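*Asks:* What follows is a single structure, and I will ask about it in a moment.
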Amino acid sequence: MSKEMENLKSEIIRSSGVNPKKCMRCGKCTGTCPAFDEMEYHPHQFVYMVESGDIEPLLNSKSLYKCLTCFACVDRCPRGVEPAKLVEAVRLSVIRKQGANHLKADDIPALLDDEMPQQAIVSALRKYSK
Amino acid sequence: MQKITCESLIEKACELIENGTVSRVIGWKKGEFDYDLTPAVFANADEIKKNFIYNDFSGANFSKYLIKETRKGEGKVLVFLKPCDTYSFNQLLTEHRFDREKVYAVGIPCEGMADIAKVKAAVGDGILKITSEGDELIVENLYGDVNKVKLADVLAERCVNCKSKKHTAYDELMGEDGEILDNNRFDEVEKLENMTEDERFAFWQNELSRCIRCNACRDVCPACTCEKCVFDNPKSGVENKAIADSFEEKMFHIIRAFHVAGRCTDCGECSRVCPQNIPLHLLNRKFIKDINTFYGEYQAGEVEGSRAPLVNYTEEDIEPNDAVKREE
Amino acid sequence: MRKCSLNSLNAVFEKLANDSALYMPVDGDKGADYKKWEMGDELSSALNTNRSAKDFFFPQTENLMEFKVSGKEIEVIDTRDEKEDFVVFGVRACDAKSFDILDTVFLSEPCDSYYANRREHATIVTLACTRPSETCFCNVFGIDATKPTGDVTCWKTADDMYFEANNEKGKAFIEKIADLTEECDSKAVEEQQAKTKEILKKLPLADLKTEKFGKDKTAEFFDAPEWRELSTSCLGCGTCTYVCPTCQCYDIKDYDTGHGVIRFRCWDSCMYSEFTKMAHGNNRLSQLERFRQRFMHKLVYYPTNNDGVFGCVGCGRCLAKCPISMNIVKVMKALGGNDGE
Amino acid sequence: MQINNEFKPKIVAFCCNWCSYAGADLAGNNRLAYPECVNIIRVPCSCRVNPIFILRAFQRGADGVIICGCHPGDCHYTSGNYYTRRRMALLFSMLNYLGIEKERIRLEWVSAAEGAKFAATMNEFTEAVTALGENKRLEDLRCKK
Amino acid sequence: MQRIGVFVCWCGSNIAGTVDVEKVSEALKNEPGVVFSTNYQYMCSQAGQDIIKDAIAEHKLTGIVVCSCSPRMHEATFRKTAAAAGLNSYMVEIANIREQCSWVHKDMQSGTEKAIILGKAAVAKVNLNAPLTPGESPVTKRALVIGGGIAGIQTALDIAEAGFPVDIVEKKPTIGGKMAQLDKTFPTLDCAACILTPKMVDVAQNDKIRIFSYSEVEEIGGFVGNFTVKIKKKARYVKEDVCTGCGICTEKCPQKKVPNEFNMGMDNRRAVYIPFAQAVPKVATIDPNYCTMLKTGKCGVCAKVCTAGAIDYTQKDEIIEEKYGAIVAATGFNPISMDKFDEFAYNQSKDVITSLEFERLTNAAGPTAGKLLRPSDGKHPHTIVFVQCVGSRCDACAEKGKEYCSKICCMYTAKHAMLTRDKYPDTDVYVFYIDVRTPGKAFDEFYRRAVEEYGVHYIKGMVGKVSPEGDKLMVRASDLLANKQLNIAADLVVLAAAIEPDKSARPLATMLTASMDTNDFFTEAHPKLRPVESPTAGVFLSGTCQGPKDIPETVSQASAAAAKVIGLLAKDKLMGNPCVAQSNELMCNGCSSCERVCPYGAITYADKEFRMPDRTVAIRRVAMVNEAVCQGCGACTVACPSGAMDLKGFATSQIIAEVDAICK
């Protein structure tokens, strides 16, 4: 594992508070994930890949933004690993690194539709911008 | 409540000794001055009439003398018990320290005893005569002065914070019985608790450093009646005759107080007799206060045969680590 | 005789304290006690200290020597060191007299070097009494409270402090504070003495009789029936002995510190049940015997060994401090010291 | 005596034979490290621990004393630890009342199964005592080297 | 002064790897009392013990200190060694320099220093040791087995076989336990009833065994060899000795709507019932919660139809007091509650069941007479999903589930899957697993058969959610190997629920003063070497109350426990623990503090005449310790204000000496 990746890994572990070593690879998180089809990498893969330091592919994956943060995986994980927090941490590391917002306030009106709850917009802004 | 007179006690003692109810009387004997009464055992009516005294300085608690006295010879011992004394009396009974059958206890009401140190502080030294008049003491001194001082102003600390005017044990009661009182006896303890750790340490360091290990507090204590005290026993690990290090004064006072924890009746004798004026009652009262807080109100000696808190438990007792958690 | 005004007394103390340690009674919140003087401390106006002055020469505990244990070897270490000079100021007549009694015990052969070392380096400055307490009875033992002994005697009047040297040590002391004091007559002192003597005569214990006691009276009193009653209420605590300026009993003990042994001595009390306990057991098994021992020692045994000098100086501390108010005065009276009562 | 940042405390741990001593053994079995300064004294039950022992330890140079027993309800002797709990609650409170640092003395319930808890407790306790520094308030100068 | 020998053990490299044993034995040579000090590779070996024995003889040792592993490990060994060399066995002290030193420290220097300190403490203690002689107490030659499942049955039978009387206390109306509810047993697939019920009959017919069914243990006093137990025989309102078990009452009882716990509540029974046909004792029991007669005083049908006249509505709970020499805990297990596992929809759909319910569904004596039918509609399920590890192997901090592996689920799930495919080849069977754990004789072969011969779909992955949709159960799960998410429309979902100790175990442990782990399994005296004994003398462990295990393991442990009990009961006398309290009558105040804290009632008082220090004679009340009853906890020693009460073997002076040695 490169020094850089090692740093990134420890940063992700620190900021998420997740201990990926606790994972017993049961896949219940992935079995329960409602965004499964949208995601290239699934919750259990996030956990495994962070643990093994294979974080590069995650950084470049759209999966980061497909996680709904519904916390189903967190709720159901028998080992208390909390994959969603890990996904969030990887996402944050990307956002921080790039210094780029994935969602700007100006873009919002275009995205608005009647079906979408207000909460989703607020959380999207929180998640996709600095 | 009427103030009991010396004469009525003499009369009672003579009556009981003459009609054969008792063979000896534990009472206060006249001293050189009006305040230095000595506990004494009287064996006949003449002695009683001549030397028995009861006045505002009859503070000594006789309960402890019963252990020794009831082991001697035949016949009953008459003991006069103020309300606070009855607590010690009961506690000794709870611990089977004397034979109840050998004692005739007469409860006497008490309105509080004077502290000679407070009297001297108020009116000066060189006291020749102290007489009681209503709620005042009239003090005559060497220099021809006559001073008046209110009894209420020179009451012993334990009487200021009297916990009870109720007799918890007696065969006969003179006068009327009183009630358990609301009191502020834990105020001083609380004051200390509210200090910082450093302040408390400084306070006790100052107080305890004066200790001369005369053992008066232990020897007068009606709860300290061990056949052999740990402090006199070289095998106990705490024995010492004099304090050779500041640790030892703490060791002595912690263990002394701990050994009477849950058994102390808060009679205040320890503080009364301390030649160095260390407020020893503040240690005992801390235990009483903690016991009340942690395990529910308990006053040793209130009920004969009650189970002391340290030989009792509940499954939900406070954890020791939590017992010392307080905001500082 | 020299004097200084009370206003300049502090300057005297400062001078003395600069030279050597200076101790004097200072008021605390629980009465007066000897304290090393520091700027700001005031000489107590109390009649006397809680603890007696004997502590200066015969402290409650004192290390005598040490043993170092390494493996199975034992090394003996002499921990004695030469004391530095010090001044004890404001000693009352009774306590001053007690030093004589202690000296007889500790300085007679074999001399107690620990005691002697302290004694040699001390200058005792006494202070005459003016307002005795009802518990005072030093006069009974021939002590003049208005003219205490010591190396220097002082009198404190309303405005001045008077100094008079009693020996060479005293002269050296006076010399030291010469610039702060002035030569004076003794008129004021004599006036004060006369006034105080009037009061002393009125003391309730002034007429306590000692004649019946003293040298070779052991047989007379040893089996006296009064001891039983007198000792009945004695708690067996050590208050009287520990506040007493003349009680000089001690125990020598070894303390294992874990890495060595400290041999120390500490006050002991003949009132304690463990006193002089030896392999064979106790010498005095009952409280009566222990009680009797203390008073017989003061009133009979000590005089027997020391030309009729009593082992009590009438300071009255035991009268004030005994938890059950039993004391030497009551003992003397009960044993017939005051027939007329 | 010691340079402050190198201060190594001396800690006495009284462990009941049935639970905590076994818990300490389990910590050993599982190689769960804790500081060398922790020295265990085996007692049959935490209720054998006399306050005198605790004070003695401080006198002799201990900087911290910890008492470990079975969890309430699990005492091998049914009720021993309940008495311990009361005695120690009062003792700890009294020591603190006298101004002794409350972090110097502790009681923990450690079962025979809690090797990890034993080690963690000792690590944490040692850290707390180290932070306090040398025991000054309950020291006996004669016992200091 | 003692003559002490110090023996430092290397324990191979276990100790010597972290502790300089040479230095330790050298350093301890200088301690007071020590006259001999040495070290050796394995002190516990025969050669090591011979070193000790020789040294005792050669150096006339009066006490020995062994610096080695935990006293819990080899104290007994070295005590025997000392005794063999003519030294009192209580003159031996162990310094634990392995578990509490070399194994927890890494640094050689500080580890060695600590080992020396521990050695010094032990030497300081031995200096104050006195020879002790254990007291003797008789053994009551009767055993009590608590729990009448296969573990209890096997233990009782084995003990009875050896000729000792045994009582079984079972809280249910019949013995048999969980095994009676099972259909087939892995890996042989023989029917549980066929192998269990003959054993139940053996128990019933064995004149050495008494069964207290429908009974609970109320109170346990005493100690090894001398337990006194109070057993509450709950009122069953049927005279046990009169009832013939004909079952007429159970057919005529008008109260038909009582959930049948034997069938996991999947059908109903009457208010008066016999749990199952082969129940032992085969006696009816009236359920007071449902019996109209007991609740309202009106009915009495059962009494009318009972030709034997066995019904007795006035029956009361009965307390039986009996003495026992040994007690075996065999309290068993239960599946954990599925209430907290919302994601599996257990409470929403009748078709989500636990494995134990599945057992009843496939059992010929079950609610469906052995036909696999869906509980909701009685239809044959075509797609069945088995979920493994439900509530097992969870995080210790999780609110639901257990940290441990329940051990039996992999095998019974394979069994269920296999049997389903065998009987109903038209069903699709999916098993979602995390790991398949099959250590056991013929276990893995069994699992492989399920896959290879019976075509069970084993999928590595966990079910995330089960949601009822129409008459289907939508199972969403991951297939980790394919990295796919699966959505299966299932007819039946079977959850392999974790197992946990029976709830009665915790209060029983308290009564027995036996220790438990954090999961409420009984703790064994040693995890490897004494697996069927509790640390509490005279208490033994049988079956799943000690930890999850399958039937073969349970039965072997049950027999092992029986062997231990037989060993105990075969003795006429037990040597007591000599480390008991001792009252110094000269110092005793007679205050009763010690008596009040003694959990065993070992302290009594007597008025005795004493010559007091002041030569007077006084009669004083003093405490006396019954050494056979005292267990040596020491509570009295601290309660005693005067220090008159001391504990042999852990005397105040000894503990203080240890404190001093450690702190110096």
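Residue numbers (my numbering), protein chains in the order written: chain A, 986 to 1115; chain B, 6 to 333; chain C, 179 to 519; chain D, 149 to 293; chain E, 22 to 685.
For every residue, glycine included, the Cβ atom is placed at its ideal position computed from N, Cα and C.
None of the values given here were measured: they were computed from a predicted structure.
#1: Under a CB-based cut-off of 8 Å, is A660/E close to chain B?
#2: Can you tell me which residues form a DSSP beta bridge with W33/B?
#3: DSSP has I72/E in a bridge; who is on the other side?
#4: Listed in chain order, which residues of the region 520–531 of chain E have Cβ atoms closer than 7 Å to some Cβ of chain B?
#5: Just to confirm my understanding: we take S230/C, look at its own chain, exclude 5 residues before and 5 after, and list those with CB closer than 6 Å. What are they?
#6: Compute the distance between the beta-carbons of T313/C and A498/C, then report whether it is under 8 Å.
#7: Taking 8 Å as the threshold, find out whether the region 260–274 of chain C comes into contact with the region 314–324 of chain C through three or more Cβ pairs.
#8: Chain D partners of H437/C, CB-CB under 7 Å?
#9: Does E679/E get closer than 8 Å to chain D when you measure Cβ to Cβ?
#10: At the level of alpha carbons, what is the spacing between M149/D and H258/B?
#11: With 8 Å set as the bound, which would you pick, yes or no: does the beta-carbon of K428/E sit closer than that to a beta-carbon of chain D?
#12: Taking 8 Å as the threshold (beta carbon to beta carbon), is V235/B in contact with chain E?
#13: According to the neighbour-count rule (16 or more other Cβ atoms, all chains shown, within 10 Å of its Cβ), is F407/E buried or exposed?
#14: How would you list, in chain order, the residues of chain D whose beta-carbon sits under 8 Å from the beta-carbon of E320/B?
#15: For C229/B, which residues from the same chain have a beta carbon less than 6 Å from its beta carbon, with the 5 sequence-adjacent residues on both sides left out?
#16: Is M483/E close to chain A? Criterion is C-beta to C-beta, closer than 8 Å.
#17: Would you say the beta carbon of M202/C comes nearer than 7 Å to a heavy atom of the ligand MN?
#18: May I have the straight-line CA-CA distance separating L149/E from Q675/E, to the nearest angstrom?
#19: Using a Cβ-Cβ cutoff of 8 Å, what residues of the region 349–383 of chain E are near chain A? List them in chain order.
#20: Could you check if G1097/A is buried or exposed, using at least 16 other CB atoms within 10 Å of its CB as the buried criterion?
#21: Assuming D667/E and T673/E make a contact with CB atoms under 8 Å, what is their CB distance in whole Å?
#22: Is there at least one Cβ from chain C nearer than 8 Å to N51/E's Cβ?
#23: Please state the DSSP three-state secondary structure of N284/E.
#24: Assess, as a yes-or-no matter, whether the region 278–298 of chain B is touched by the region 241–250 of chain D under the definition of 3 or more beta carbon pairs within less than 8 Å.
#25: So P192/D and C216/D are in contact, right, with Cβ under 8 Å, and what is the actual spacing, rounded?
#26: Quick check: A122/B and V154/B, are their CB atoms within less than 8 Å of each other?
#27: Output needed in chain order: residues of the region 445–457 of chain E with a Cβ under 9 Å from some Cβ in chain A.
#28: Would DSSP call W333/C helix, strand or coil?
#29: Which of the residues in the region 47–73 of chain E, read from start to end, lie with their CB under 7 Å from any CB of chain A?
#30: Is it right to say P501/C is buried, meaning 16 or more other beta carbons lie within 10 angstroms of its own, or is it exposed?
#31: Does S248/C pass the burial test, meaning 16 or more other C-beta atoms within 10 Å, or should it be called exposed?
#32: Are S563/E and T218/E touching if we call contact CB-CB under 8 Å?
#33: Please confirm if L413/C has its CB atom under 8 Å from at least one CB of chain B.
#34: Can T1017/A and K486/E be called in contact, C-beta distance under 8 Å?
#35: Which of the three DSSP states is assigned to N229/D in this structure?
#36: Would the beta-carbon of K1007/A fall within 8 Å of that of V1072/A?
*Replies:* In short, the structure shows the following:
#1: In the fifth sequence, the residue the question calls residue 660/E occupies position 639. Between A660/E and chain B, the shortest Cβ-Cβ separation is below 8 Å.
#2: As a working note, residue 33/B is residue 28 in the second sequence. Answer is P44/B, bridged to W33/B.
#3: On the fifth sequence, position 51 is the one that residue 72/E refers to. Note: I72/E sits in no beta bridge, so no partner.
#4: Across the region 520–531 of chain E, no CB contact with chain B closer than 7 Å is found for any residue.
#5: Against the third sequence, residue 230/C aligns to sequence position 52. Excluding sequence neighbours, S230/C sits near D273, P423.
#6: By one-based count along the third sequence, residue 313/C stands at place 135. By one-based count along the third sequence, residue 498/C stands at place 320. Going by C-beta atoms, T313/C is nearer than 8 Å to A498/C.
#7: Touching, yes.
#8: The count along the third sequence starts at 1 and reaches residue 437/C at position 259. Within chain D, the residues near H437/C are K293.
#9: By 1-based counting over the fifth sequence, the position of residue 679/E is 658. True, the Cβ-Cβ gap to chain D drops below 8 Å.
#10: Locating residue 149/D in the fourth sequence gives position 1, counting from the first residue. Locating residue 258/B in the second sequence gives position 253, counting from the first residue. Residue confidence for M149/D is low, a pLDDT of 40 falling below 50, so the modelled location carries little weight; the figure read from the coordinates is stated next. As the crow flies, the alpha-carbon of M149/D is around 29 Å from that of H258/B.
#11: If you number the fifth sequence from 1, residue 428/E lands on position 407. Output row for K428/E: interface = no.
#12: Residue numbering aside, residue 235/B sits at position 230 when the second sequence is read from its first letter. So yes, V235/B belongs to the interface.
#13: Within the fifth sequence, numbered from 1, the residue matching residue 407/E stands at position 386. F407/E counts as buried, since no fewer than 16 other beta carbons sit within 10 angstroms of its beta carbon.
#14: For this step, residue 320/B is matched to residue 315 along the second sequence. Counting only Cβ-Cβ distances below 8 Å, E320/B has contacts in chain D at P220, G221, Y230, in chain order.
#15: For this step, residue 229/B is matched to residue 224 along the second sequence. Excluding sequence neighbours, C229/B sits near R223.
#16: Locating residue 483/E in the fifth sequence gives position 462, counting from the first residue. So yes, M483/E belongs to the interface.
#17: With respect to the ligand MN, the structure offers nothing, as it holds no ligand at all.
#18: Residue 149/E sits at position 128 when you count from the first residue of the fifth sequence. Residue 675/E sits at position 654 when you count from the first residue of the fifth sequence. Here the alpha carbon of L149/E sits roughly 6 Å from the alpha carbon of Q675/E.
#19: Per Cβ criterion, the list reads E364.
#20: Position 112 of the first sequence, counted from the first residue, corresponds to residue 1097/A. The sequence given here places Leu at residue 1097/A; Gly does not occur at that position. Result: exposed.
#21: Position 646 of the fifth sequence holds residue 667/E. Position 652 of the fifth sequence holds residue 673/E. Correct: roughly 6 Å between the Cβ atoms.
#22: Along the fifth sequence, read from residue 1 onward, the residue named residue 51/E stands at position 30. Yes, N51/E counts as interfacial toward chain C.
#23: In the fifth sequence, the residue the question calls residue 284/E occupies position 263. Looking at N284/E - three-state DSSP - the assignment turns out to be helix.
#24: yes
#25: On the fourth sequence, position 44 is the one that residue 192/D refers to. On the fourth sequence, position 68 is the one that residue 216/D refers to. Actually they do not touch by this definition, with Cβ atoms about 13 Å apart.
#26: Translated into the one-based positions of the second sequence, residue 122/B becomes position 117. Translated into the one-based positions of the second sequence, residue 154/B becomes position 149. In this structure, V154/B does not lie closer than 8 Å to A122/B by Cβ.
#27: From the region 445–457 of chain E, only F453, Y454, I455, D456 have a Cβ closer than 9 Å to chain A.
#28: To locate residue 333/C, count along the third sequence from 1; it is residue 155. Correct three-state label for W333/C: strand.
#29: Result list empty, no residue passes.
#30: Translated into positions along the third sequence, residue 501/C becomes position 323. Classification of P501/C: buried, given that the 10 Å Cβ count is 16 or more.
#31: Position 70 of the third sequence holds residue 248/C. Exposed.
#32: Stepping through the fifth sequence from its first residue, residue 563/E is reached at position 542. Stepping through the fifth sequence from its first residue, residue 218/E is reached at position 197. Against a cut-off of 8 Å, the Cβ pair of T218/E and S563/E comes out as no contact.
#33: Within the third sequence, numbered from 1, the residue matching residue 413/C stands at position 235. Yes, contact with chain B.
#34: Within the first sequence, the letter at position 32 stands for residue 1017/A. Within the fifth sequence, the letter at position 465 stands for residue 486/E. In this structure, K486/E lies closer than 8 Å to T1017/A by Cβ.
#35: By 1-based counting over the fourth sequence, the position of residue 229/D is 81. Three-state result, N229/D: helix.
#36: Looking up residue 1007/A in the first sequence gives position 22. Looking up residue 1072/A in the first sequence gives position 87. Against a cut-off of 8 Å, the Cβ pair of V1072/A and K1007/A comes out as no contact.
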